[in-house]
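Worksheet: the structure to be examined is printed underneath.
In this note's numbering, the protein residues as written are -4 to 246.
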């Protein structure tokens, strides 16, 4: 069970993984998360019954939670609580019960899983793209949709590159790793951001003239603990006005 939980957040830092929402309930219906996200930038009329299943952490479900928030769509935010035993995550018994009942089969017995009117969707990126389509956050045409997909993949490339430098988010940070992280923020990340700045639209959004999944993905890169320190991640945007403007559309 701990292996599956670790795999679900393999690219995240321990600080991101340990974050708890202020409301802290295992099953809640919420419109806007309690983090620093603008309250409903737009309002989507939706009759679907949504339930998002994940651990009581940000991790691989947080982008989807933000998509619900900025769209003003209610959903059931089902969270499985966990604790650390000898440095390894141990999930509450309800998780094993739901797994045995087949609740996670759409994602090969892993999380997250999105339930939509009784149907199930697995894989965090598939869930994000589905929600973006449903909520009008996937562009105005097929070209923009592809550009948004590409932008999200650029952001994922940056996250993956950081993860290779950091190593396991559960491992203590050695002096060697600390040096790698310093180099990341001083040299490597600016190189990524310089190129991403050039690929970012001129109108305050990553792609096009309205909010999209691409904006939310960049926001999550620098505010969800993905690169360890959110403070350092946000500070890194100061020399890249288009990236900074995108994040402020959501933050």
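Cβ coordinates follow ideal geometry from the N, Cα and C atoms, glycine included.
In whole angstroms, what is the alpha-carbon distance linking residue i and residue j?
i	j	result
residue 177	residue 112	47 Å
residue 202	residue 187	18 Å
residue 101	residue 119	11 Å
residue 215	residue 232	13 Å
residue 55	residue 70	17 Å
residue 179	residue 81	30 Å
residue 189	residue 183	10 Å
residue 76	residue 224	24 Å
residue 84	residue 165	10 Å
residue 221	residue 162	12 Å
residue 7	residue 217	Note on residue 7: pLDDT 36, under 50, position unreliable in the model; the coordinate value appears next. Approximately 12 Å between the Cα atoms of the pair.
residue 241	residue 95	42 Å
residue 106	residue 170	33 Å
residue 200	residue 167	37 Å
Do residue i and residue j have their CB atoms nearer than 7 Å?
i	j	result
residue 48	residue 73	yes
residue 219	residue 53	yes
residue 207	residue 143	yes
residue 229	residue 150	no
residue 133	residue 140	yes
residue 57	residue 110	no
residue 243	residue 195	no
residue 204	residue 198	yes
residue 108	residue 97	no
residue 235	residue 192	yes
residue 173	residue 160	no
residue 130	residue 78	no
Please state the DSSP three-state secondary structure of residue i.
i	result
residue 233	helix
residue 178	helix
residue 79	strand
residue 97	coil
residue 105	coil
residue 53	coil
residue 172	helix
residue 238	helix
residue 166	coil
residue 205	coil
Any beta carbon of chain C sitting closer than 7 Å to that of residue i?
i	result
residue 190	Looking for chain C here will not work: only one protein chain is present.
What are the boundary residues of the beta strand (DSSP E) that residue i is part of?
i	result
residue 86	83 to 86
residue 71	70 to 75
residue 108	108 to 111
residue 48	45 to 50
The alpha helix (DSSP H) with residue i in it runs from where to where?
i	result
residue 63	57 to 66
residue 213	208 to 218
residue 114	Here residue 114 belongs to no alpha helix (DSSP H); instead the beta strand (DSSP E) covers 114 to 117.
residue 188	184 to 193
residue 247	Limits of the chain in this structure are -4 at one end and 246 at the other, which puts residue 247 out of reach.
Do the segment 58 to 68 and the segment 84 to 93 touch if we need at least three Cβ pairs shorter than 8 Å?
No, they do not touch.
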